[in-house]
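*Asks:* This is the structure I have questions about; it appears just below.
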Amino acid sequence: MKLRTRAIAVSAALLLPGTALTACAGTADNSSSSGDSGGEVTLALVAYSTPQAAYEQLIAAFQKTDAGKKVKFTQSYGASGDQSRAVASGLKADIVAFSLEPDITRLVTAKLVDASWNSDQYKGMITDSVAVIGTRKGNPKNLKTWDDLAKPGVQVLTPNPFTSGGAKWNILAGYGAKSKKGTDPQAGATYLDALFHNVPVQDNSGRASLQTFTSGKGDAFISYENEALFAQKNGQAVDYTVPDDTILIENPIAVTSNSAHPTEAKAFLDFLHTPAAQKIYAENGYRPVVKDAGGPSFPTPSGLFTIGDLGGWSKVNKELFDPGQSVMASIEQKLGVSTSAAPTAAASKSAAPSPAASK
């Protein structure tokens, strides 16, 4: 008897207070037809948590084009590292959109994404952002710099770097600024130790961390610029500061090598690089990778640096994020926080449960 598995790819969205859940669920199947009929195909989009609203708009826009009019989607959103590991373990995906390059590299190693995924003019990236410091409306504690976040008595929210790609960007922003772009790694490590003693809760994704903040926990949060804009757009009483010294966040996307519908998946990827699609990203707070896409303008911080300035992902992953022996593993072990990649709702230094649920 042939076994058929039926999986529901649900956009398990963590909602900010006052926002509504959009149920973007669909039925996926292990057979090549994926339940398609009448010339329609279904693509599975597996993405990190924060761009859900953008992708819902982008999918709707794509479906109005000739290339997309017969394409349906299932959507799955969560912490970038968790999503990448899920695909590597068998979660069906035609398009993967993650928060950082190593989560795509994992799938290249697993032979699920072609090694040439980043050979286009955009180097495989679909959007950019920068790391910012978010605060309560009016910034009552006047938290504007990386040093401010390490002051005694300040509570800062950022996710667990061993589940969240966004957390790695947050850490690298502060580390890069305080280590002078990696030239003084001890200064950077000392800063991270002080900072994480001020982090009361480490959720498993950037969106979950933002919800914890908007639910009333913490004095500040570190996140993507687009997350702070998302909160403001949804009526949350937050402000944010772009530090002079911060990191350029580069978000990758790829078609999987085992996609049942590679032509349609590539057409969607091509659409996402059009000015019209990039404008939708911009309107959702992301910095376009396509020039002159329109939409909001984004100023360039004076001390903006890149992952390349810190030596690249292989170097920083080994030195800062190796779960066995690294700067962050040592800090987390002292704090009693797990460095396991297994998804959890939140990692907390206190016994009190986090008000946020996993996304």
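Numbering (mature numbering (1 follows the signal peptide of the UniProt record, and there is no 0)), first residue to last: -22 to -1, 1 to 337.
Cβ coordinates follow ideal geometry from the N, Cα and C atoms, glycine included.
Note that the structure is predicted; figures quoted are calculated from it, not measured.
#1: Under 8 Å, do Phe299 and Lys156 count as touching if we go by C-beta distance?
#2: My output table needs one value for Val65: the three-state DSSP class, helix, strand or coil.
#3: To the nearest angstrom, report how far apart Pro277 and Ile227 are at their CA atoms.
#4: Where does Leu282 fall in DSSP's three states?
#5: Should Gly152 be flagged as near chain C, meaning a C-beta pair shorter than 8 Å?
#6: Using 8 Å for Cβ pairs, my map puts Ile225 next to Leu150. What's the rounded Cβ distance?
#7: Can you tell me where the beta strand (DSSP E) with Ile82 in it begins and where it stops?
#8: DSSP state of Leu135, grouped into three classes?
#9: Rounded to the nearest angstrom, how far is the Cβ of Thr190 from that of Gly59, given a contact under 8 Å?
#10: Can you list, in chain order, the stretches of the beta strand (DSSP E) that have 3 or more residues and sit fully within the stretch 223 to 257?
#11: How should Ala165 be labelled, buried or exposed, when 16 other C-beta atoms within 10 angstroms of its C-beta is the threshold for buried?
#12: For Thr18, count the other beta carbons within 10 Å of its own beta carbon; 16 or more makes it buried, fewer makes it exposed. Which is it?
#13: To the nearest whole angstrom, what separates the beta carbons of Val179 and Leu121, a pair I think is in contact under 8 Å?
#14: Which residue spans inside the stretch 120 to 177 form an unbroken alpha helix (DSSP H) run of at least 4?
#15: Only counting the same chain, and skipping five residues up and downstream in sequence, which positions put a Cβ closer than 6 Å to that of Met306?
#16: In terms of residues, what are the limits of the alpha helix (DSSP H) holding Thr190?
#17: Just verifying my parser: in three-state terms, what is the DSSP assignment at Thr(-1)?
#18: For Gly196, collect the residues of the same chain with a Cβ closer than 8 Å to its Cβ; drop the 5 residues on either side in sequence, then sort them by chain order.
#19: Ser237: which of Asp92, Asn176 and Thr87 sits nearest, CA to CA?
#20: Nearest to Glu242 by CA position, among Lys129, Gln41 and Tyr169, is which residue?
#21: So, helix, strand or coil for Phe199, using DSSP?
#22: What are the start and end residues of the alpha helix (DSSP H) that includes Leu298?
#23: Ala45 lies in the alpha helix (DSSP H); which residues open and close that run?
#24: Name the two residues that bound the continuous alpha helix (DSSP H) containing Gln35.
#25: Work out the CA separation of Ala88 and residue 339 for me, nearest whole Å.
#26: Are the stretch 106 to 116 and the stretch 216 to 224 touching by the rule of at least three beta carbon pairs closer than 8 Å?
#27: Once the 5 residues before and after Lys249 are set aside, which same chain residues still bring their CB inside 6 Å of it?
#28: Along the chain, where does the alpha helix (DSSP H) that runs through Ser308 open and close?
*Replies:* Judging by the given coordinates:
#1: Here residue 299 refers to the residue found at position 321 of the sequence shown. Here residue 156 refers to the residue found at position 178 of the sequence shown. Taking 8 Å as the Cβ cut-off, Phe299 and Lys156 do not qualify as a contacting pair.
#2: The sequence position of residue 65 within the sequence shown is 87, counting from 1. Of the three classes helix, strand and coil, the one that applies to Val65 here is helix, per DSSP.
#3: Locating residue 277 in the sequence shown gives position 299, counting from the first residue. Locating residue 227 in the sequence shown gives position 249, counting from the first residue. Whole-angstrom Cα-Cα distance: 14 Å.
#4: The count along the sequence shown starts at 1 and reaches residue 282 at position 304. Three-state result, Leu282: coil.
#5: Absence of chain C from the displayed structure is noted, only one protein chain being present.
#6: Here the question's residue 225 lines up with position 247 in the sequence shown. Here the question's residue 150 lines up with position 172 in the sequence shown. With 8 Å as the limit, Ile225 and Leu150 qualify as a contact, their Cβ atoms being about 5 Å apart.
#7: Indexing the sequence shown from 1 puts residue 82 at position 104. Careful: Ile82 lies outside any beta strand (DSSP E), inside the alpha helix (DSSP H) at Glu79 to Thr87.
#8: Looking up residue 135 in the sequence shown gives position 157. Leu135 carries a strand assignment under DSSP once its states are collapsed to helix, strand and coil.
#9: Here the question's residue 190 lines up with position 212 in the sequence shown. Here the question's residue 59 lines up with position 81 in the sequence shown. Your pair Thr190 and Gly59 does not check out as a contact, with CB atoms roughly 18 Å apart and the cut at 8 Å.
#10: Within the stretch 223 to 257, the complete beta strand (DSSP E) runs of at least 3 residues are 226 to 233.
#11: Along the sequence shown, one-based indexing puts residue 165 at 187. By the beta-carbon neighbour count (other beta carbons within 10 angstroms, threshold 16), Ala165 is exposed.
#12: Locating residue 18 in the sequence shown gives position 40, where the first residue counts as 1. Thr is not the amino acid found at residue 18; the sequence shown has Glu there. Burial check for Glu18: the Cβ neighbour count within 10 Å stays below 16, so the residue is exposed.
#13: Mapped onto the sequence shown, residue 179 falls at position 201. Mapped onto the sequence shown, residue 121 falls at position 143. Taking a contact as a CB-CB distance under 8 Å, the pair Val179 and Leu121 does not count as one, their CB atoms being some 17 Å apart.
#14: Under the rule that a run must span 4 or more residues, the alpha helix (DSSP H) segments found entirely inside the stretch 120 to 177 read 124 to 127, 143 to 156 and 163 to 174.
#15: Here residue 306 corresponds to residue number 328 of the sequence shown, with the count starting at 1. So the qualifying residues of the chain are Pro139, Leu298 and Phe299.
#16: In the sequence shown, counting from the first residue as 1, residue 190 sits at position 212. Looking at the DSSP string, the run of the alpha helix (DSSP H) that includes Thr190 is Gly184 to Thr192.
#17: Residue numbering aside, residue -1 sits at position 22 when the sequence shown is read from its first letter. Confidence at Thr(-1) is low in this model, with a pLDDT of 35, below 50, so the placement of that residue should be treated as unreliable; the coordinate-derived value is given next. The answer is coil: DSSP assigns Thr(-1) none of H, G, I, E or B.
#18: Within the sequence shown, residue 196 is the residue found at index 218, counting from 1. These residues qualify, in order along the chain: Gln133, Val134, Leu135, Pro178, Val179 and Thr190.
#19: Here the question's residue 237 lines up with position 259 in the sequence shown. Among Asp92, Asn176 and Thr87, the Cα nearest to that of Ser237 is on Asp92.
#20: Sequence index remark: in the sequence shown, residue 242 carries index 264 (1-based). When only C-alpha atoms are compared, the closest one is Gln41.
#21: In the sequence shown, the residue the question calls residue 199 occupies position 221. In the structure shown, Phe199 falls within a strand segment according to DSSP collapsed to helix, strand and coil.
#22: Against the sequence shown, residue 298 aligns to sequence position 320. Run containing Leu298: Trp291 to Leu298, per the alpha helix (DSSP H) assignment.
#23: Here residue 45 refers to the residue found at position 67 of the sequence shown. Per DSSP, Ala45 belongs to no alpha helix (DSSP H) and is neither H nor E.
#24: Within the sequence shown, numbered from 1, the residue matching residue 35 stands at position 57. For Gln35, the enclosing alpha helix (DSSP H) stretches over residues Gln30 to Phe40.
#25: Since the first residue shown for the chain is -22 and the last is 337, residue 339 is missing from the structure and cannot be characterised.
#26: Segments in contact, yes.
#27: Stepping through the sequence shown from its first residue, residue 249 is reached at position 271. It is worth fixing the name first, because residue 249 is Phe in this sequence and not Lys. Here Phe249 has Phe40 and Ala255 as same chain residues with Cβ atoms under 6 Å from its own Cβ, once five neighbours each way along the sequence are excluded.
#28: Residue 308 sits at position 330 when you count from the first residue of the sequence shown. According to the DSSP assignment, Ser308 belongs to the alpha helix (DSSP H) that extends over Val305 to Leu313.
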